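Remarks on the structure that follows.
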Amino acid sequence: MSRLESLPRYPLAALPTPLEEAPRLSKELGIRVLVKRDDLTGFALGGNKARKLEFLLADALAQGADTLVTGGGAQSNHARMTAAAARKLGMEISIVFFGPRPPQVNGNLLLDDLMGAEMVYANTDDKVETDRVVERVTQELRERGRKPYLIPVGGSTVLGASSYILAVGELLEQLKEAKAQPDYVFISTGSCGTHAGILAGMKYYGAQIPVYGITVSRDKAQCGQRIRDLVARTSEFLDCPLPLAPEDIVVDDHYIGPGYAIPTPEGNAAIRKVAQLEGLFLDPVYTGKTMAGLMDLVRRGSVPRGSTVVFWHTGGVPGMFGFASSFMSQAKE
Ligand SMILES: *Cc1c(COP(=O)(O)O)cnc(C)c1O
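Position in the sequence shown counted from 1, then plus 368, gives you our numbering.
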């Protein structure tokens with residue numbers, strides 16, 4: 369047994385998540401699309417962060433923490449799920465948001481409010497500056513006698529990435545059962561922990577499926593560096609070789625639009641399309657933009673007709689309700 373299988377884990381997610389065919393979407397695009405339903409991880413309305421939090425929470429418990437601290441955007445799924453995990457374990461939760469206090473409390477922010485999370489607004493868009501506010505909040509909690517456990521934005525630590533190595537193991541079993549040999553796995557790349565974990569998982573299990581990341585915030589170069597660094601650190605942490613070649617890291621930064629958490633017309637159109645074809649909901653910050661990217665790459669022939677693609681649905685749907693106006697302002701198809 370490797371270090372990975374024996375890592376302490378606090379059960380939060382309903383696993384395995386389903387791997388589903390999307391027949392009408394597949395027909396429309398001329399490829400076979402299989403959807404890995406990590407939007408259905410169950411806990412606190414689901415999403416990819418549940419897998420990461422299982423390992424992060426076990427570590428927090430082992431360190432005797434009584435308070436979790438994390439950061440994110442106002443509609444952060446990660447913040448919502450971290451707050452829920454804190455409450456489930458009887459802990460306090462402090463969230464540091466980038467930017468100012470939004471005029472309306474809805475979507476994930478409403479859920480954070482319902483959970484009585486302490487919410488601090490960093491009043492900056494700068495991620496490094498936000499991290500500094502997170503450090504300050506953590507320090508203040510320590511001074512008040514609390515035992516804070518800091519979870520970086522997105523939970524993209526070696527523990528977070530390790531959870532996605534195991535998720536790849538889960539996927540590979542399901543693919544065997546479905547007799548599917550995918551040409552690509554498509555993933556939304558945010559703080560890069562999920563992408564890094566999936567790549568590491570392909571190495572860990574000796575699978576050859578290319579991982580195509582569509583970034584929704586940082587540019588390609590920054591993502592590449594973060595992924596490389598995180599896979600290297602995870603390899604060291606697990607004491608297990610995860611030899612990544614430079615060409616293994618594929619990040620496409622053409623579908624961000626004006627910026628992180630700013631919906632794009634293409635992303636929102638992809639959400640409508642998938643909702644109407646499959647009764648399946650994507651989100652405007654991550655998976656909608658990623659689906660828009662996949663659709664565009666199919667249209668351009670970069671993903672050839674007849675390909676098999678696993679679309680990793682990482683969740684985020686509760687955030688949709690914070691972006692209703694962006695859908696209303698666009699003409700319906
Ligand atoms: C956080 C998140 C991602 C990105 O995962 P990272 O590990 O931060 O790259 C993708 N989709 C959704 C819905 C998320 O909440």
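All residues carry an ideal CB built from backbone N, CA and C; glycine is no exception. Just so you know, these numbers come straight off a predicted model, no measurement behind them.
query: Tell me where the alpha helix (DSSP H) around Tyr572 begins and ends.; result: Gly561 to Tyr572
query: State the CB to CB distance for the pair Val536 and Ala564, rounded to an integer number of angstroms; the pair is presumed to be in contact (CB under 8 Å).; result: Between Ala564 and Val536 the Cβ distance is about 12 Å, and since that is not below 8 Å, they are no contact.
query: Using 8 Å for Cβ pairs, my map puts Ala552 next to Ser444. What's the rounded Cβ distance?; result: According to the sequence as given, residue 552 is Tyr; it is not Ala. 27 Å between Cβ atoms; not a contact.
query: Whole-angstrom Cβ separation of Leu540 and Tyr572, contact assumed at under 8 Å?; result: Their Cβ separation, rounded to whole angstroms, is 10 Å, which puts Leu540 and Tyr572 out of contact at 8 Å.
query: Return the residue from the list Met487, Gly569 and Ser559 that minimises the CA-CA distance to Tyr532.; result: Gly569
query: For the stretch 369–453, list the beta strand (DSSP E) runs that are entirely contained and at least 3 residues long, ordered along the chain.; result: 387–389, 400–405 and 435–440
query: Below 6 Å CB to CB, which residues in the same chain sit around Ala692 once its five sequence neighbours on both sides are set aside?; result: none
query: When burial is assigned at 16 or more other CB atoms within 10 Å of the CB, is Asn476 buried or exposed?; result: buried
query: Helix, strand or coil: how does DSSP classify Thr525 here?; result: coil
query: Quick one, are the C-beta atoms of Ala451 and Arg377 less than 7 Å apart?; result: no
query: Between the Cα of Ala453 and those of Ser556, Thr435, Phe465 and Pro468, spot the shortest distance and give me the residue it belongs to.; result: Thr435
query: Taking the alpha helix (DSSP H) that Leu477 belongs to, which residues open and close that run?; result: Gly475 to Leu482
query: Could you check the C-alpha separation between Glu389 and Ala433 for me, to the nearest Å?; result: 41 Å
query: Can you give me the C-alpha to C-alpha distance between Ala546 and Val579, rounded to a whole angstrom?; result: 19 Å
query: Determine the direct distance from the alpha carbon of Arg673 to that of Val464, and round the result to whole angstroms.; result: 44 Å
query: Looking only at its own chain, which residues have a Cβ that is under 7 Å from the Cβ of Phe605, when we skip the five neighbours before and after it?; result: Val526
query: Looking at the strands, I want to know which residues DSSP matches up with Met659.; result: DSSP output for Met659 lists no bridge partner at all.
query: Is Thr602 near ligand 1 - that is, is its Cβ less than 6 Å away from at least one heavy atom of it?; result: no
query: Which runs of the alpha helix (DSSP H) spanning at least 4 residues fall entirely within the stretch 496–549, listed in chain order?; result: 526–545
query: On the DSSP letters alone, give me the boundaries of the alpha helix (DSSP H) that Ser693 sits inside.; result: Ala692 to Met696
query: Since His681 sits in a beta bridge, which residues does DSSP pair it with?; result: Arg405
query: Taking its Cβ as the centre, do 16 or more other Cβ atoms sit within 10 Å of His622, making it buried, or is it exposed?; result: exposed
query: Counting only beta-carbon separations shorter than 7 Å, does Gly581 have a partner in chain B?; result: No chain B is present in this structure, which holds just one protein chain.
query: Is it buried or exposed for Arg371, if we count other Cβ within 10 angstroms and need 16 for buried?; result: exposed
query: Return the chain-ordered list of same chain residues with a C-beta closer than 6 Å to the C-beta of Lys588, the five sequence neighbours on each side being excluded.; result: Val619 and Asp621
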